[in-house]
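Take the sequence shown: its position 81, counted from the start at 1, is 359 in this note's numbering, and no numbers get skipped. Comments concern the structure below.
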Amino acid sequence: MTQPEPRHPTSDDEELLEAETLAILSEYTDAQRVLRIQDELRAGFKQLNHVGKAVSIFGSARTPRDHPRYQDARKLAAHLGEQGYAIITGGGPGIMEAANRGARDVGATSIGLGIELPHEQSLNDYCDIGINFHYFFTRKVMFVRYASGFVVFPGGFGTLDELFEAATLRQTQKIRHFPIVLFDRTYWGGMVDWLTSSMLADGYISPQDVESLLVTDDPDDCHGALDAVEHRRPRLQRKAA
Numbered sequence: 279m280t281q282p283e284p285r286h287p288t289s290d291d292e293e294l295l296e297a298e299t300l301a302i303l304s305e306y307t308d309a310q311r312v313l314r315i316q317d318e319l320r321a322g323f324k325q326l327n328h329v330g331k332a333v334s335i336f337g338s339a340r341t342p343r344d345h346p347r348y349q350d351a352r353k354l355a356a357h358l359g360e361q362g363y364a365i366i367t368g369g370g371p372g373i374m375e376a377a378n379r380g381a382r383d384v385g386a387t388s389i390g391l392g393i394e395l396p397h398e399q400s401l402n403d404y405c406d407i408g409i410n411f412h413y414f415f416t417r418k419v420m421f422v423r424y425a426s427g428f429v430v431f432p433g434g435f436g437t438l439d440e441l442f443e444a445a446t447l448r449q450t451q452k453i454r455h456f457p458i459v460l461f462d463r464t465y466w467g468g469m470v471d472w473l474t475s476s477m478l479a480d481g482y483i484s485p486q487d488v489e490s491l492l493v494t495d496d497p498d499d500c501h502g503a504l505d506a507v508e509h510r511r512p513r514l515q516r517k518a519a
């Protein structure tokens with residue numbers, strides 16, 4: 279049986295992870311990939327170097343503008359923006375756009391960290407600072423490094439990826455004093471119940487792991503959780519990139 283011709287990768291992540299297989303053509307050497315990753319980290323550090331206290335807000339890109347969750351995200355971002363927080367999102371549509379829009383509503387710094395995808399979309403129109411990343415993992419560094427905590431709205435696999443990345447970093451004490459807020463009790467309640475009845479019951483996580491997730495519908499709870507740790511989390515001693 280004839281093997282299909284290898285194709286060009288549709289993203290830099292695919293080029294990195296699948297290159298040199300029978301299906302995907304290699305476009306760079308490992309040395310070139312290391313330099314591209316280094317350049318991407320350096321660019322992110324340089325552009326976000328001046329950001330003060332901030333919060334990363336996540337949620338589905340598929341949430342329409344007339345959905346109550348879009349309005350909730352916009353209002354919450356505006357509320358946190360009024361308290362001096364910069365708003366960081368993935369820069370896309372849906373909940374991400376709503377959060378950036380809420381920041382713009384009150385004159386808070388609005389940051390979008392976009393990602394190269396096969397069906398690429400541009401950053402939404404409400405980002406004051408916009409950075410496009412080739413690699414998911416370099417982008418994730420920025421979400422955590424420059425935020426005081428995460429607020430997670432309902433979403434899909436991408437949202438869960440960010441949520442459990444932060445939960446794992448907390449569990450392994452790679453980060454400390456980093457609140458993870460799950461906004462929308464109805465949506466997240468079932469997942470937290472499952473974590474308790476299955477993972478905790480089987481001894482795979484600790485009670486502290488479950489307690490690290492704050493589930494709420496109240497913007498003031500988000501603000502309180504962030505402020506409670508902000509003074510305990512030393513600001514990065516940043517030097518010019």
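Cβ coordinates follow ideal geometry from the N, Cα and C atoms, glycine included.
Helix, strand or coil at residue i [DSSP, three-state]
| i | result |
| --- | --- |
| Val429 | strand |
| Thr450 | coil |
| Ser334 | strand |
| Ala519 | For Ala519, the predicted model reports a pLDDT of 43, less than 50, meaning its position is unreliable; a value from the coordinates is still stated below. Ala519 falls in the coil class under three-state DSSP. |
| Arg568 | This structure cannot settle anything about residue 568, because the visible part of the chain is limited to 279 through 519. |
| Gln486 | helix |
| Gly434 | coil |
| Leu473 | helix |
| Thr307 | coil |
Supposed close pair residue i, residue j - CB separation, criterion 8 Å
| i | j | result |
| --- | --- | --- |
| Gly427 | Phe456 | 6 Å |
| Arg463 | Val493 | 6 Å |
| Phe411 | Gly392 | 7 Å |
Between the CA atoms of residue j and residue i - distance to the nearest angstrom
| i | j | result |
| --- | --- | --- |
| Leu438 | Met469 | 11 Å |
| Pro346 | Ile373 | 10 Å |
| Ala376 | Ile335 | 10 Å |
| Leu395 | Leu504 | 31 Å |
| Arg379 | Ala355 | 8 Å |
| Ser484 | Arg448 | 12 Å |
| Glu440 | Thr288 | 22 Å |
| Tyr413 | Asp290 | 6 Å |
| Val329 | Tyr424 | 7 Å |
| Gly337 | Arg417 | 16 Å |
| Val459 | Ala506 | 13 Å |
| Thr474 | Val430 | 19 Å |
| Leu401 | Leu326 | 17 Å |
| Thr450 | Phe442 | 12 Å |
| Arg285 | Arg314 | 21 Å |
Neighbourhood of residue i by C-beta distance below 7 Å, restricted to the same chain and skipping five residues each side
| i | result |
| --- | --- |
| Asp403 | none |
| Gly359 | Ile365, Gly380, Ala381, Val384 and Ala386 |
Beta-bridge pairing of residue i - partner residues as DSSP gives them
| i | result |
| --- | --- |
| Ile407 | Ile389 |
| Thr494 | Phe461 |
| Thr367 | Gly390 |
| Pro285 | At residue 285 the sequence reads Arg, which differs from the Pro that was named. DSSP, once it has assigned bridges, lists Ile302 as partnering Arg285. |
Cβ of residue i within 8 Å of any chain B Cβ
| i | result |
| --- | --- |
| Phe414 | Protein chains in the displayed structure number just one, and chain B is not present. |
Beta-carbon contacts of residue i that lie in its chain and below 8 Å, excluding the five residues immediately before and after
| i | result |
| --- | --- |
| Ala445 | Ile458, Asp487, Ser490 and Leu491 |
| Arg352 | Ala376, Ala377, Arg379, Gly380 and Asp383 |
Contacting residues, own chain, Cβ-Cβ under 6 Å from residue i (five flanking each side not counted)
| i | result |
| --- | --- |
| Lys517 | Any reading at Lys517 is ruled out, since the residue's pLDDT is 46, under 50, leaving its predicted position unreliable. |
| Arg340 | Gly372 |
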